[in-house]
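Residue numbers (our numbering), protein chains in the order written: chain V, 1 to 130; chain W, 131 to 492. For glycine and all other residues, C-beta sits at the position ideal for the given N, C-alpha and C.
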């Protein structure tokens, strides 16, 4: 079932963000993984790379399509989820926990606060489905 | 609005994720491409391929009329045999790739790609001598049952003996399956054993549900276009529009085995004779990437930094568990073990030509 945890923030590009101390963990939403279908490849950025809010930071491929991953916030990549290299379908099975993609040290704390609340994201999905 | 097959309601009832494919509203998947792919390799899958077109030559001289249009040779087949064949233009390029059924010398039946149906029919009508072809596409639905368990499932639903001894590979017969009159053809696009069943549109739903029910215990799954593509890619079966088109000949595509030039004249034959005499310049090869990255259609192929070809098909092969691709390369790069790079979004990924099919069915 569709699931949009209350403790996360969201983007219109179907990424989620979660605070982890000073850093922010980033992944794709339940809706994103469902729309993609079986994820077969995730192209991750390098550690230390800079990501920019709204800009592509990586690529996610399913059996059917190639899609870009967009950064919800700007900052420096401090962790990448290497387990996705061997088992990309983790994104399908557990998009919010084991299927996280990168962790970023934000360059501007305010960007996180400006992301969509769960209710606003779900409203956006409902709108798109109509 | 895309066209609907007689099974549209069935797909929706089964939760199929519908997409527009060649102007038809068809399911890309029901649950997941990988699980459906695996069902076909290990048990069985059921496909709606009613979008495929059917064109028939009927009457005295049908065989001769049809044979003059195709690269394969119907005179070498027997009644009840099907041939994979090229339908070529005057330059030797593919108008389409087709399966041609020899019912008798007076009745020849073509199965053609959905995307090419109108073009093929117009081409055949304009170039056929003798018998005039008839577009019978609206008179047939087509279901494919594929996988190691497929033949057993079909056999339990019919009184016709469909054992391999009676209906071998690329042979066909006719009879009722689940009470629906069918052309029962041991053909397919997955590399697995199985049948393609042509039936009247009105019988399609009855046949579909009967097959699903009968196959349930065997693990038969309804299977969408996504798995159909990954299954055929693992076999290096050509897809028209990707791997073959009107600018590539069967010889370029490594399909020399469907070209019969001896005592057989057909449109494009002279070009192929010349090409054979002069030698090929490029070839369609199968390759795997040796660095992370999945090849996709239209990605450039480079050797020593220079573009030398293009990927025509590619995927992560669910059975071979490797990123695999198909593409045209210069002849010098065609032998197994040749290496080159595939450019993926500006990144060069190393690749190596391998033996095909990528997957060998049990």
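Can you name, in chain order, every residue of its own chain whose Cβ lies under 8 angstroms from the Cβ of residue i, other than the five neighbours on each side?
i: residue 292 of chain W; result: 281, 284, 285, 303, 314, 316 and 325
i: residue 145 of chain W; result: 160 and 161
i: residue 206 of chain W; result: 390
i: residue 3 of chain V; result: 30 and 96
i: residue 208 of chain W; result: 232
i: residue 165 of chain W; result: 351
i: residue 488 of chain W; result: 363, 364, 365, 366, 416, 418, 447, 450, 452 and 454
i: residue 375 of chain W; result: 223 and 224
Measuring CA to CA, which of the options is closest to residue i?
i: residue 469 of chain W; options: W/491, W/445, W/141 and W/418; result: W/418
i: residue 249 of chain W; options: W/335, W/288, W/483 and W/218; result: W/218
i: residue 472 of chain W; options: W/158, W/456, W/277 and W/276; result: W/456
i: residue 422 of chain W; options: V/88, V/102, V/101 and V/108; result: V/88
i: residue 91 of chain V; options: V/117, V/112, V/20 and V/59; result: V/59
i: residue 437 of chain W; options: W/467, W/407, W/478 and W/406; result: W/478
i: residue 64 of chain V; options: V/34, V/48, V/120 and V/20; result: V/34
i: residue 143 of chain W; options: W/188, W/487, W/338 and W/205; result: W/338
i: residue 107 of chain V; options: V/42, V/53 and V/11; result: V/53
i: residue 431 of chain W; options: W/459, W/449 and W/409; result: W/459
i: residue 330 of chain W; options: W/342, W/347 and W/311; result: W/311
i: residue 404 of chain W; options: W/393, W/381, W/416 and W/415; result: W/381
i: residue 229 of chain W; options: W/299, W/157, W/169 and W/149; result: W/299
i: residue 406 of chain W; options: W/222, W/179, W/216 and W/275; result: W/222
i: residue 41 of chain V; options: V/81, V/111 and V/121; result: V/81
i: residue 201 of chain W; options: W/396, W/441 and W/484; result: W/396
i: residue 555 of chain W; options: V/43, V/18 and V/21; result: The requested residue 555 of chain W is not part of the displayed model; chain W covers only 131 to 492.
i: residue 279 of chain W; options: W/150, W/378 and W/168; result: W/168
Ends of the alpha helix (DSSP H) at residue i?
i: residue 112 of chain V; result: 109-113
i: residue 178 of chain W; result: Premise fails: residue 178 of chain W lies in the beta strand (DSSP E), 174-178, not in any alpha helix (DSSP H).
i: residue 234 of chain W; result: From DSSP, residue 234 of chain W is part of no alpha helix (DSSP H) but of the beta strand (DSSP E) over 224-234.
i: residue 400 of chain W; result: 399-408
i: residue 211 of chain W; result: Careful: residue 211 of chain W lies outside any alpha helix (DSSP H), inside the beta strand (DSSP E) at 211-218.
i: residue 254 of chain W; result: 247-257
How far does the beta strand (DSSP E) with residue i in it extend, from its first residue to its last?
i: residue 70 of chain V; result: 66-70
i: residue 150 of chain W; result: 147-151
i: residue 474 of chain W; result: 469-474
i: residue 350 of chain W; result: 350-352
i: residue 429 of chain W; result: Here residue 429 of chain W belongs to no beta strand (DSSP E), and DSSP marks it neither H nor E.
i: residue 134 of chain W; result: Where residue 134 of chain W is concerned, there is no enclosing beta strand (DSSP E), given that its DSSP letter is neither H nor E.
i: residue 237 of chain W; result: 237-242
i: residue 118 of chain V; result: Taken as a continuous stretch (DSSP letters only), residue 118 of chain V belongs to no beta strand (DSSP E), being part of the alpha helix (DSSP H) at 118-129.
i: residue 280 of chain W; result: Run containing residue 280 of chain W: none in the beta strand (DSSP E); it sits in the alpha helix (DSSP H), 280-286.
Do residue j and residue i have their beta-carbon atoms positioned less than 9 angstroms apart in this structure?
i: residue 390 of chain W; j: residue 464 of chain W; result: no
i: residue 327 of chain W; j: residue 273 of chain W; result: yes
i: residue 23 of chain V; j: residue 105 of chain V; result: yes
i: residue 220 of chain W; j: residue 386 of chain W; result: no
i: residue 96 of chain V; j: residue 36 of chain V; result: no
i: residue 461 of chain W; j: residue 411 of chain W; result: yes
i: residue 185 of chain W; j: residue 268 of chain W; result: no
i: residue 177 of chain W; j: residue 309 of chain W; result: no
i: residue 335 of chain W; j: residue 174 of chain W; result: no
i: residue 233 of chain W; j: residue 254 of chain W; result: no
i: residue 235 of chain W; j: residue 199 of chain W; result: no
i: residue 163 of chain W; j: residue 356 of chain W; result: yes
i: residue 203 of chain W; j: residue 277 of chain W; result: no
i: residue 237 of chain W; j: residue 188 of chain W; result: yes
i: residue 216 of chain W; j: residue 388 of chain W; result: yes
Between which residues of its own chain and residue i is the CB-CB distance below 7 angstroms, once the five residues before and five after are set aside?
i: residue 497 of chain W; result: The displayed coordinates of chain W run from 131 to 492. Any statement about residue 497 of chain W would go beyond what the structure contains.
i: residue 446 of chain W; result: 424 and 453
i: residue 51 of chain V; result: 45, 57, 71, 74, 75, 77 and 104
i: residue 474 of chain W; result: 423 and 429
i: residue 467 of chain W; result: 482 and 483
i: residue 190 of chain W; result: 236
i: residue 170 of chain W; result: 276, 277, 320, 322, 353, 357 and 361
For residue i, which residues of its own chain have a beta-carbon under 6 angstroms away from its beta-carbon, when the five flanking residues on both sides are left out?
i: residue 321 of chain W; result: 365 and 491
i: residue 270 of chain W; result: 184 and 328
i: residue 333 of chain W; result: 310
i: residue 439 of chain W; result: 431, 457, 458 and 459
Step through the CB atoms of chain C and report whether any lies within less than 9 angstroms of the CB of residue i.
i: residue 92 of chain V; result: Included in the structure are the protein chains V and W, with no chain C among them.
Could you run through the region 233-246 of chain W and flag, in chain order, every residue whose CB is less than 7 angstroms away from some CB of chain V?
none
Name the residues in the region 445-461 of chain W whose C-beta lies less than 7 angstroms from a C-beta of chain V; which are they?
Answer in chain order: 445 and 446.
Under 9 angstroms, CB to CB, which of the residues in the region 79-90 of chain V have a partner in chain W?
85, 88 and 89
At a CB distance below 7 angstroms, what residues from the region 26-43 of chain V approach chain W? Give them in sequence order.
37, 38, 40 and 41
Proximal residues, the region 48-63 of chain V versus chain W, C-beta separation under 9 angstroms
59, 61, 62 and 63
Closer than 7 angstroms, Cβ to any Cβ of chain V: which residues of the region 137-164 of chain W, in chain order?
Of all residues in the region 137-164 of chain W, those with a C-beta nearer than 7 angstroms to a C-beta of chain V are 158, 159, 162, 163 and 164, reading in chain order.
For the region 65-78 of chain V, enumerate the residues whose C-beta is nearer than 7 angstroms to any C-beta of chain W, in chain order.
Listed by position, the residues of the region 65-78 of chain V near chain W (Cβ gap below 7 angstroms) are 66.
Please list, in chain order, the residues of the region 465-477 of chain W that have any C-beta partner in chain V closer than 8 angstroms.
475
Chain V contacts from the region 352-386 of chain W (Cβ-Cβ distance under 7 angstroms)
Correct list: 356 and 360.
Output needed in chain order: residues of the region 413-427 of chain W with a Cβ under 9 angstroms from some Cβ in chain V.
Flagged, chain order: 422, 423, 424 and 426.
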